[in-house]
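To keep things clear, I will list the structure first and then write my remarks on it.
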Amino acid sequence: MLWFWKLFIFFLLCAFNETTLHTRKIIDVDPTRTILWGPGLEPDKIVLRARYIFVQLVDHQGLNVTNSPGKNFVAAVINGNSLSNETCRVWSQIFDCKDGSFIIRYRLHETCNDLQIKVLVKNHTLPLIRPLIKGPIYEEECYCPQKSIKKWLEDNHCNSNHSQILRDLKLFPSVDFEIYRSKIISRFNQPHGVSLCHYVIKNNKIHRQCFGEHVGFKTFVDDILLSITRKLFLPDVEFFMNLGDWPLVLKNTELLPIFSWCGSVDSNDIILPTYDLAKSSVEAMSSVILDMLSVQASSKTVWEKKIEKVFWRGRDSNRARLILIDLSRKHPNLFNAALTNFFFFTKEAEKYGPTQKHVSFFDFFEYKYQLNIDGTVAAYRFPYLLAGDSLVFKQDSKYYEFFYKDLEAEKHFIPVKHNLSDLVEKVNWAINNDKTAYKITKNAQQFIRDNLMPQHIICYHAVLIQKWSHRITSKIKVFPEMEEVTQKEHECNCLNTKDDGSEIKDEL
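Below, the structure is given as structure tokens:
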């Protein structure tokens, strides 16, 4: 009987060794070819709460690595000196995107001098153009605005020719608020129907007066403006911000200048990045968990092992979402879709329920396919879906966000009809064309990295405000009814420059 157990143990060891060799597949990486980029390499010029660096591994043939090499393969050491010559408080994270790329991000809790950035791949220290940055390098909370908007835009590598900004502002070659101001307030001061705020930025100080019953979302606008004015001395400007979901300036009505988070084919609102994108751009590594950086490393499962179904969760804010539930029940092999709350179609709750518990957004990407489907307006989860590593199907819609028109169907996402009548067909196509589907997914992620990172969101606001200020012909003035939106108290030593080029130090 002893021979039986010896043979049994022998086969177990063989199986274990075979599995170990399979799971420990050696990935070819040439550390010397590693590609680094991102605003985290220029921390003295680009101020963000979460500064970030992208790392792309490359093999000895010069090709990008497309699989994760495993834990502890990429490391980073970031340190410096505080103004009191002690070790600067820096918090850093490393995200493995499971595709041969990594994201290093770090947050300064105080102003640093002599910041050293050391990136290691396979214990090999990578050569950086600027491994030591003298500084000062400011934390997000510092009020140290750059006086020259031109220099700031150059230092931050901002795109000054956004297609959506050019389209939106084409309708407003000149703006006289002595004419528009009273018309806007008269038309949209509807406490139970519309919520909007009148903003004036003068001498880099923010002032506003809000109208409407539900104006809590003004804090999102306040926060992004406060962040920008800490970094940049904005031109004097005046604008009205719509705090609701729906665009306000319909094309069949008088043209009025209103900033909104969502546009539509039948409206003329001037579009800004959504409040959610703005908040996550300013608050990454602080009060938010889901942001455009963390979502890129959200998946625990590589593409080949993802569940080949469309995953969706959400509330009943659109009839098409009920249609999706019908499809999911008819094709359970293709869909995992459920409603999490009933508000708009409560009379049909019995038919389309029961509701399911909320699922962490990070867990969405255990599935190979995602669906972006309208809510009351455009679904603001779209950029996060594109940033994940699943293929996105997008419902045809009259609503859009500021970046939609720069996307290309079948290059960055798969389009489906508004009534979802071709969704099943498109999902089956994706299953049968897996390599193409994966390529589209990677295209989408690259688009996100090139256009929708925190650096880009802050730039978009700054560029729009700059161009908008050039169109205003009326005098910028602060009205008695307005309240000032003040910066939080934070002590910071700023190294600024006077008009004559001499340096001054301010303390706030």
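Letter by letter, the sequence shown follows residues -19 to -1, 1 to 489 of mature numbering (1 follows the signal peptide of the UniProt record, and there is no 0). Positions of the beta carbon are idealized from the N, C-alpha and C atoms, including for glycine.
Between the alpha carbons of residue i and residue j, how many angstroms are there, rounded?
| i | j | result |
| --- | --- | --- |
| H339 | R302 | 16 Å |
| F383 | W293 | 24 Å |
| D257 | T47 | 30 Å |
| F214 | N45 | 41 Å |
| L35 | K423 | Correcting the residue type first, residue 35 is Phe in the shown sequence and not Leu. Answer to the nearest angstrom: the Cα atoms are 15 Å apart. |
| E465 | G193 | 18 Å |
| I8 | P50 | 6 Å |
| D272 | A265 | 6 Å |
| F(-16) | K281 | Legend: pLDDT at F(-16) = 44, less than 50; position of this residue unreliable, value from coordinates given subsequently. About 40 Å. |
| L38 | V55 | 9 Å |
| P364 | I182 | 29 Å |
| A235 | K386 | The question names Ala, but residue 235 in the sequence shown is Glu. The straight-line gap from Cα to Cα measures roughly 25 Å. |
| E462 | P216 | 22 Å |
| N66 | L89 | 15 Å |
| E285 | V291 | 15 Å |
| D77 | E120 | 25 Å |
| K131 | I85 | 29 Å |
| R32 | E329 | 47 Å |
Within the continuous beta strand (DSSP E) that includes residue i, where are the two ends?
| i | result |
| --- | --- |
| A56 | 55 to 63 |
| R294 | 288 to 296 |
| E465 | 464 to 466 |
| A330 | A330 -> not in any beta strand (DSSP E); alpha helix (DSSP H) instead, spanning 330 to 333. |
| T321 | 316 to 322 |
| V46 | Neither: V46 is in no beta strand (DSSP E) and is coded neither H nor E. |
| W18 | 16 to 18 |
| V397 | 395 to 397 |
Let me see if you follow: with CB-CB separation under 9 Å, is residue i close to chain C or not?
| i | result |
| --- | --- |
| L303 | No chain C appears in this structure, which consists of one protein chain only. |
Given residue i, which residues of its chain have a CB within under 6 Å of its CB, disregarding the five upstream and five downstream residues?
| i | result |
| --- | --- |
| P12 | V102, K103, H105 |
| H179 | Q190, F221 |
| T357 | D226, S298 |
| T454 | S155, D157 |
| K128 | F214 |
Which residues in the same chain as residue i place their Cβ atom closer than 7 Å to its Cβ, once the five residues preceding and following it in sequence are excluded?
| i | result |
| --- | --- |
| I146 | V444, L445, K448 |
| D149 | I251, I252 |
| K398 | D377 |
| A359 | C243, S378, Y380, Y381, E382 |
| P126 | N185, T210, R211, K212, L213, F214 |
Report the partner residues of residue i according to the DSSP bridge assignment.
| i | result |
| --- | --- |
| I190 | The sequence as given places Gln at residue 190; Ile does not occur at that position. H179, per the DSSP bridge assignment. |
| Y161 | DSSP lists no partner for Y161. |
| Y380 | S245 |
| R32 | Y87 |
| K375 | N353, P396 |
Looking at the secondary structure, which residues open and close the alpha helix (DSSP H) in which residue i lies?
| i | result |
| --- | --- |
| Q426 | 415 to 432 |
| F363 | 363 to 368 |
| P435 | 435 to 452 |
| L303 | 300 to 311 |
| K349 | Counting along the chain, K349 falls outside any alpha helix (DSSP H), though it belongs to the beta strand (DSSP E) covering 348 to 353. |
Can you find the residues in the same chain that come closer than 8 Å, C-beta to C-beta, to residue i, ignoring five residues on each side of it along the sequence?
| i | result |
| --- | --- |
| L306 | A small correction: the amino acid at residue 306 is Ile; Leu does not occupy that position in the sequence shown. Closer than 8 Å at Cβ, skipping near neighbours: A318, A319, L320, Y333. |
| I110 | L22 |
| N322 | R296, D297, T336 |
Relative to the ligand FAD, is the shortest distance from any of its heavy atoms to the C-beta of residue i smaller than 8 Å?
| i | result |
| --- | --- |
| D250 | This structure does not include the ligand FAD; it has no bound ligands of any sort. |
Item to complete: Scan the segment 61 to 115 and note each continuous beta strand (DSSP E) run of 3 residues or more that stays entirely inside, going in chain order.
Response: Here the runs fully enclosed are 71 to 77, 82 to 89, 93 to 102.
Worksheet item: Which ranges would you report for the alpha helix (DSSP H) in the segment 208 to 269 if only whole runs of at least 4 residues count?
Response: Within the segment 208 to 269, the complete alpha helix (DSSP H) runs of at least 4 residues are 256 to 264.
Worksheet entry | Every unbroken alpha helix (DSSP H) within the segment 117 to 163, with a cutoff of 4 residues, ordered by chain | The alpha helix (DSSP H) runs of length 4 or more contained entirely in the segment 117 to 163 are, from start to end of the chain, 130 to 136, 144 to 150.
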